[in-house]
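S.K.: Here it is, the structure in full.
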Amino acid sequence: MSRRRRKVLPTEPVHCNVESLSHDGRGIARQDGKILFVDGALPGEKVMAKVVSTRSKFDELRTLDVLEAAPDRQTPPCEFANLCGGCSLQHMSGDAQIQFKENTLREQLAHFGGIESEEWFAPMRPEKSLGYRRKARMGVRYVRARESVLVGFREKRNSFLTDIDRCVVLDPRIGERILPLRELLHSLNAYDRIPQVEVACGDDAAAMVFRNMDELISSDRDKLIAFGQAQDLHIYLQPKGPDTVHRIWPESAGRDDERLSYRLDAFDLTMQFHPMDFTQVNADINKAMVNRAVEWLDVQPGERV
Numbered sequence: 346m347s348r349r350r351r352k353v354l355p356t357e358p359v360h361c362n363v364e365s366l367s368h369d370g371r372g373i374a375r376q377d378g379k380i381l382f383v384d385g386a387l388p389g390e391k392v393m394a395k396v397v398s399t400r401s402k403f404d405e406l407r408t409l410d411v412l413e414a415a416p417d418r419q420t421p422p423c424e425f426a427n428l429c430g431g432c433s434l435q436h437m438s439g440d441a442q443i444q445f446k447e448n449t450l451r452e453q454l455a456h457f458g459g460i461e462s463e464e465w466f467a468p469m470r471p472e473k474s475l476g477y478r479r480k481a482r483m484g485v486r487y488v489r490a491r492e493s494v495l496v497g498f499r500e501k502r503n504s505f506l507t508d509i510d511r512c513v514v515l516d517p518r519i520g521e522r523i524l525p526l527r528e529l530l531h532s533l534n535a536y537d538r539i540p541q542v543e544v545a546c547g548d549d550a551a552a553m554v555f556r557n558m559d560e561l562i563s564s565d566r567d568k569l570i571a572f573g574q575a576q577d578l579h580i581y582l583q584p585k586g587p588d589t590v591h592r593i594w595p596e597s598a599g600r601d602d603e604r605l606s607y608r609l610d611a612f613d614l615t616m617q618f619h620p621m622d623f624t625q626v627n628a629d630i631n632k633a634m635v636n637r638a639v640e641w642l643d644v645q646p647g648e649r650v
């Protein structure tokens, strides 16, 4: 059987007049009857872009240079935004992002569900646009050619991990510790046997869950514990499935003791959760949604919900 010949991509940049956005935030342009999906481009812009993938009906491109910028364009707050796949719209203003997501929701409900609402409530707006994300799963990869360990998110439209040393979107208790985390992982005997680190933050503590493919030697465990002590982090291991997750720092009295928590002050409640549980990534928006849901529900004395 002959090997499928890899397509030769055009080397010359392509001039694109961007008309609209796809549902995943890529600019849409057209050329010779073919659709072009352009990463990093906004509606109304003229850009020069590089072809990174080609298909029979569409091509995928990456913006190289913005010739005419849209009013909603902003400088990304993260230096890795153009390459990192963790975020896709940092080049768009916050208000424009919210409007785009609302429009996408309207279109998806109408297209797939036949639902067209007559009334839309104003979207909830976050108190902060950076340092808010409390949950994430980061990839880990040892790069032999560079003799270093990368920790972070995949590059846009690529399987490679982005070379980052911080993340301004993650809660600072995690986002500002990526470089020391990389150094820690590189120092371990199991430097190439930990493929991911899951992170979760509560109000009073932050946690890292290390997916260790092999049982760790004692010196590696000691290094992880020392890292947790120095960085004020809870440290967990996951040798197999989710039910094997266990905390090694601080010392655990059992799974019920291995909880993080957040407050719902309006209801005088403390909600506990395990680092592997689902929680909303934005704590402020989560509180606002709970408040809104209770307000709309309008529970009266004597009613059962």
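Per the numbering used here, the very first residue in the sequence shown carries number 346; after that it's consecutive.
Positions of the beta carbon are idealized from the N, C-alpha and C atoms, including for glycine.
Quick check on this structure: which residue in GLU390, ASP369, ILE380, GLY378 has the alpha carbon closest to the alpha carbon of ASN362?
M.R.: Taking the sequence shown and counting its residues from 1, one reaches residue 362 at position 17. Selected option, being the one with the closest Cα: GLU390.
S.K.: Return the Cβ separation of LEU569 and ILE593 in integer angstroms, given the expectation that the two are a contact with Cβ distance under 8 Å.
M.R.: Counted from its first residue, the sequence shown places residue 569 at position 224. Counted from its first residue, the sequence shown places residue 593 at position 248. The Cβ separation is near 7 Å, so the contact holds.
S.K.: Helix, strand or coil for HIS436, going by three-state DSSP, please let me know.
M.R.: As a working mapping, residue 436 is identified with position 91 in the sequence shown. In the structure shown, HIS436 sits in coil (DSSP, three-state: anything other than H, G, I, E or B).
S.K.: In the DSSP assignment, find the alpha helix (DSSP H) that holds HIS591 and state where it starts and stops.
M.R.: In the sequence shown, residue 591 corresponds to position 246, counting from 1. That residue, HIS591, is in no alpha helix (DSSP H); its beta strand (DSSP E) goes 591-594.
S.K.: Between the Cα of GLN574 and those of ARG491, ALA552, PRO422, ASN636, spot the shortest distance and give me the residue it belongs to.
M.R.: Position 229 of the sequence shown, counted from the first residue, corresponds to residue 574. Closest by alpha carbon: ALA552.
S.K.: Could you compute how far the alpha carbon of LEU614 sits from the alpha carbon of VAL635?
M.R.: The sequence position of residue 614 within the sequence shown is 269, counting from 1. The sequence position of residue 635 within the sequence shown is 290, counting from 1. Their backbone Cα atoms lie some 12 Å apart in a straight line.
S.K.: Report buried or exposed for ILE580, applying the criterion of at least 16 other Cβ atoms within 10 angstroms of its Cβ.
M.R.: As a first step, residue 580 must be located in the sequence shown, where it is residue number 235. ILE580 comes out buried.
S.K.: Using 8 Å as the threshold, is the region 426-440 in touch with the region 395-402, meaning 3 or more CB pairs across them?
M.R.: no
S.K.: Inspect the beta-carbon positions of ALA654 and VAL359 and report whether they are closer than 9 Å.
M.R.: In this structure the chain extends from 346 to 650, so residue 654 is not present and cannot be described.
S.K.: Which residues in the same chain have their Cβ closer than 7 Å to the Cβ of ARG604, if we skip the five residues on either side of it in sequence?
M.R.: Translated into positions along the sequence shown, residue 604 becomes position 259. Closer than 7 Å at the Cβ level, and outside the excluded window around ARG604, lie GLN617, PHE618, HIS619.
S.K.: Which two residues bound the contiguous beta strand (DSSP E) that contains VAL485?
M.R.: In the sequence shown, residue 485 corresponds to position 140, counting from 1. Its beta strand (DSSP E) spans residues 480-488.
S.K.: For the region 434-448 against the region 528-540, are there 3 or more C-beta pairs whose distance is under 8 Å?
M.R.: no
S.K.: Please give me, in chain order, every unbroken run of the alpha helix (DSSP H) with length at least 4 that falls completely inside the region 523-568.
M.R.: 523-532
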